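The next block holds one structure in the form of structure tokens; read it before the comments.
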Amino acid sequence: MTRVILVVAALFFVALFLVLPLVAVFAQAFAHGWRIYIEAIREKDVLAALRLTLLVAAVAVPLNVAFGIAASWAITRFDFIGKNLLVSLIDIPLAVSPVVAGLMYIELFGLHGWMGPWLSQHNLHIVFAVPGLVLATIFVTFPFVARELIPFMQAQGSDEEEAAVVLGAGGWSIFWRVTLPNIKWALLYGTILAASRSIGEFGAVSVLSGHIRGRTVTLPLEVEMLYNEYNFTAAFAAASLLSLAAVITLIVKKAIELISGVHTPPSKEDFAE
Amino acid sequence: MSIAIEKISKNYGRFTALDDVSLTIDNGELVALLGPSGSGKTTLLRVIAGLESPDSGTIRLRDEESTHLNAARRGIGFVFQHYALFRHMTIFENVAFGLRVQRGGTRLTRREIRNRVDELLSLVQLDSYARMYPDQLSGGQRQRVALARALAVRPSVLLLDEPFSALDAKVRKDLRDWLRRIHDELNVTTVLVTHDQEEALEVADRVAILNRGALEQYGTPQQIYDHPVSPFVYNFLGNVNLFHGRLLTDLSPATQSAFSGHDIASIIGFVRPHEFELSRSLPEDRHAVLATVERVHAAGPQVRLDVKVNGGKNLVAVEVSKARYRDLELREGGEIFISLQAIRVFNDRAAAEQLLDQGAGI
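Same order as they appear, the protein sequences are chains F and D. The first sequence begins at 0 in numbering that gives the first Met the number 0 and counts up one residue at a time. The second sequence begins at 0 in numbering that gives the first Met the number 0 and counts up one residue at a time.
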């Protein structure tokens, strides 16, 4: 009986707070029919925002993948002073509000910030420009890949890599032939999470964007601006794109879990090894 | 290839893994590093392999200083306790790995690699498993693949880290004999780490016994078994009865001279189960004690008895032949005189106390 109550309660809350709003987004977007929806999406500014969002993700995600691999490798394969500190620092973006992250970059790179004068002398624009958006996105997605890889690589141990070393393999050869094939699913999983977050990021990006339509406005910012202009259909149409990205992420994530066994409880055999 | 280990020390924080260890391994020899867990045997093997670097001391391979030589360039084969096969590669690719990553002029052609891998898989009798993945094989088969992979690059030294300890008893015995045959066939210098004294004594040309990071004794299995240099070695080789001083005076005239001038409490004596003499009546020299037979294990070539010296607390393990067992008409609950044919006495209070603390002793 308790079980039934718990299950029903859980389903009810999921339906009320997650599924219903998602459905509402699409309902609103299509409220005036297909034609209006397509038109809203093909609006010049919306397309520009979509392109910018994808561009930012395309730069931020690979950088974080590279960082995540390097950090997890260093943390799981070597002992060094400050290792525990590094592990803790990786989590900072999860603890700090994205708005604060945005403000930190303003303080650092803004016109009156620490590096502002030097940057403007050299005609480099970070704040209120695309590089700022990329930086903010890197900051908020920083932990995702490393968080995924560290426990996974710890569990796998370094036996296989040591075996490869003794057989005469060099560092790159070991990485491509042994390490990467072993971590590929966990890496993909972390990458998906990072990509999804970088597409949806609002707070940090909002501070650094300057809201210049068609140039520094990403899709989440565009949604907010349309909404503030009472352009509800267009706002929901753009929002539906973000929701679609979220749904795709969920499906890919689930598929990875099913195919690879990442995030499934280890079987008895894994322990018998 | 000869290996000279000179004054190697290694610490992990405040834990001393290796303490000034020196030993040499001759070309073509099979040496076992034997010791309990924490004795430093695996650390020593990893230092030889170049997977750990020592805090001090030198490693000379083939008479060349190699202490800090990269593991990839030492020309060694290493077999890990838990196999460490590449899980995403087939058995064929696992064995071929070392050949494929060779650099420069020494790299074999595709065809040569195929032939070499086939040759090795037939050496380890796994020809038909080439296309399978490691998780489709049993533990014993996986360890054979690991050995084939290590041998593929024609190493001049083969290092094995407790290779059979994760396998069940029957497979372990088979693989041990088989390892010895492969060693003799290929004449490759081999170092085997094990905590199983039977395995070490049976398979190795020489055995190095380590205790708390230090080398206790290094010699042939026979030297080690017949002439253990310390209480630790004697006790570790297993199957011993440990007596302290007072009781021994009653048991054997041979030991009395050993006691003169010593504090009797610091003396310990070791007697192996087959070194007892049993008799139904008190022998003429009167050096025997009466004991009760508590348990008889008659399965096997020898009969093992657990007896308790009357008035004592602990059991003594005694072995007699089947024929002697019948002559003596032994049965559980019966009484028998026991005396000693041989004993090894150490006058070492610290060692005596350490061993007695572990619950040994009579």
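Yeah, the Cβ is synthetic: ideal placement off N, Cα and C, and Gly gets one too. Source: prediction; values computed, not measured.
Opposing strand residues paired with residue i [DSSP bridges]
i	result
residue 296 of chain D	D:303
residue 384 of chain D	Nothing can be reported for residue 384 of chain D: it is not among the residues displayed for chain D, which extend from 0 to 361.
residue 290 of chain D	D:308 and D:335
residue 15 of chain D	D:10
residue 316 of chain D	D:305
residue 240 of chain D	D:270
residue 77 of chain D	D:158
residue 345 of chain D	D:267
residue 256 of chain F	Per DSSP, none; premise fails for residue 256 of chain F.
residue 24 of chain D	D:2
Boundaries (first-last residue) of the alpha helix (DSSP H) holding residue i
i	result
residue 114 of chain D	109-122
residue 374 of chain D	Because chain D is modelled from 0 through 361, residue 374 of chain D falls outside the range shown and cannot be assessed.
residue 37 of chain D	From DSSP, residue 37 of chain D is part of no alpha helix (DSSP H); its letter is neither H nor E.
residue 369 of chain D	With chain D running from 0 to 361 in the structure shown, residue 369 of chain D is simply not present.
residue 135 of chain F	129-155
residue 92 of chain F	91-94
residue 101 of chain F	97-108
residue 66 of chain D	Residue 66 of chain D -> no alpha helix (DSSP H), and no H or E assigned at all.
residue 119 of chain F	115-120
residue 50 of chain D	Segment: none, residue 50 of chain D is in no alpha helix (DSSP H) and carries neither H nor E.
residue 284 of chain D	Run containing residue 284 of chain D: none; DSSP gives neither H nor E here.
residue 152 of chain D	Segment: none, residue 152 of chain D is in no alpha helix (DSSP H) and carries neither H nor E.
residue 178 of chain F	That residue, residue 178 of chain F, is in no alpha helix (DSSP H); it is neither H nor E in DSSP.
residue 209 of chain F	Careful: residue 209 of chain F lies outside any alpha helix (DSSP H) and carries neither H nor E.
residue 82 of chain D	Here residue 82 of chain D belongs to no alpha helix (DSSP H), and DSSP marks it neither H nor E.
residue 227 of chain D	First-last for residue 227 of chain D: undefined, no H or E at that position.
residue 273 of chain F	In the structure displayed, chain F extends from 0 to 272; residue 273 of chain F sits before or after that span and is not available.
residue 96 of chain D	90-99
residue 222 of chain F	218-227
residue 200 of chain F	Careful: residue 200 of chain F lies outside any alpha helix (DSSP H) and carries neither H nor E.
Proximity test, residue i beta-carbon vs the ligand ADP heavy atom, cut-off 7 Å
i	result
residue 12 of chain F	Ligands are entirely absent from the displayed structure, and the ligand ADP is therefore not among its contents.
First and last residue of the uninterrupted beta strand (DSSP E) at residue i
i	result
residue 5 of chain D	2-11
residue 217 of chain D	213-218
residue 156 of chain D	156-160
residue 275 of chain D	275-278
Whole-angstrom C-beta distance between residue j and residue i, which should lie under 8 Å
i	j	result
residue 220 of chain F	residue 205 of chain F	6 Å
residue 295 of chain D	residue 329 of chain D	7 Å
residue 174 of chain D	residue 76 of chain D	Not a contact, Cβ separation roughly 16 Å.
residue 240 of chain D	residue 316 of chain D	6 Å
residue 233 of chain F	residue 39 of chain F	4 Å
residue 144 of chain F	residue 186 of chain F	7 Å
residue 32 of chain D	residue 209 of chain D	6 Å
residue 165 of chain F	residue 70 of chain D	5 Å
residue 57 of chain F	residue 96 of chain D	The pair is not a contact, with the Cβ atoms about 35 Å apart (cut-off 8 Å).
residue 137 of chain F	residue 59 of chain F	5 Å
residue 268 of chain D	residue 344 of chain D	5 Å
residue 178 of chain F	residue 160 of chain F	6 Å
residue 9 of chain D	residue 192 of chain D	Contact flag wrong, Cβ pair sits at about 15 Å.
residue 235 of chain D	residue 196 of chain D	6 Å
residue 53 of chain D	residue 7 of chain D	5 Å
Legend entry - Interface positions of the region 161-175 of chain F facing chain D (Cβ-Cβ less than 8 Å), listed along the chain: 161, 162, 163, 164, 165, 166, 167, 168, 169 and 172
Legend entry - Three CB pairs or more closer than 8 Å across the region 176-196 of chain D and the region 159-167 of chain D: Contact between the region 176-196 of chain D and the region 159-167 of chain D is present, with at least three C-beta pairs closer than 8 Å.
Legend entry - Positions along the region 59-84 of chain F whose CB lies within less than 9 Å of some CB in chain D: none
Inset, instruction - Report the residues of the region 95-123 of chain D with a CB closer than 7 Å to any CB of chain F, ordered along the chain. - result: For the region 95-123 of chain D, the beta-carbon criterion of a distance under 7 Å to any beta-carbon of chain F is satisfied by 96, 97, 100 and 101.
Inset, instruction - Could you list the residues in the region 179-193 of chain F with a C-beta less than 8 Å from some C-beta on chain D, going in chain order? - result: 180 and 181
Legend entry - Residues of the region 280-302 of chain D whose Cβ lies closer than 8 Å to any Cβ of chain F, in chain order: Within the region 280-302 of chain D, no residue qualifies.
Inset, instruction - Could you list the residues in the region 42-65 of chain D with a C-beta less than 7 Å from some C-beta on chain F, going in chain order? - result: Under the 7 Å Cβ criterion, the region 42-65 of chain D contributes 48 and 50.
Inset, instruction - Evaluate the contact criterion for the region 237-254 of chain F versus the region 17-27 of chain F: three or more CB pairs, one atom per stretch, below 8 Å. - result: yes
Inset, instruction - Decide if the region 242-262 of chain F is in contact with the region 186-196 of chain F; the criterion is three or more beta carbon pairs, one per stretch, under 8 Å apart. - result: By the Cβ test, the region 242-262 of chain F is in contact with the region 186-196 of chain F, since at least three Cβ pairs between them sit closer than 8 Å.
Legend entry - Near-chain D residues of the region 150-161 of chain F - C-beta to any C-beta below 7 Å: Answer set for the region 150-161 of chain F: 158, 159 and 161.
Legend entry - Residues within the region 145-157 of chain D neighbouring chain F, beta-carbon criterion of under 9 Å: Those would be 145, 148, 149, 151, 152 and 154, in chain order.
Legend entry - Segment contact, 8 Å Cβ cut-off, at least three pairs: the region 48-66 of chain D with the region 218-235 of chain D: no
Legend entry - At least three beta-carbon pairs within less than 8 Å, the region 188-208 of chain D to the region 28-46 of chain D: yes
Inset, instruction - Report the residues of the region 179-200 of chain D with a CB closer than 7 Å to any CB of chain F, ordered along the chain. - result: Among the residues of the region 179-200 of chain D, none has a Cβ less than 7 Å away from any Cβ of chain F.
Legend entry - Cβ-based contacts, 7 Å cut-off: residues of the region 242-256 of chain F near chain D: none
Legend entry - the region 129-137 of chain D touching the region 72-91 of chain D, judged by at least three CB pairs closer than 8 Å: yes
Inset, instruction - Kindly confirm or deny that the region 209-218 of chain F and the region 41-55 of chain F touch, where touching means at least three C-beta pairs closer than 8 Å. - result: yes
Inset, instruction - Assess, as a yes-or-no matter, whether the region 64-78 of chain F is touched by the region 97-110 of chain F under the definition of 3 or more beta carbon pairs within less than 8 Å. - result: no
Legend entry - Residues, ordered as in the chain, of the region 161-177 of chain D that lie near chain F by beta-carbon distance below 7 Å: none
Legend entry - Where the region 12-30 of chain D meets chain F: residues whose CB sits under 9 Å from a CB there: Those would be none; no residue qualifies.
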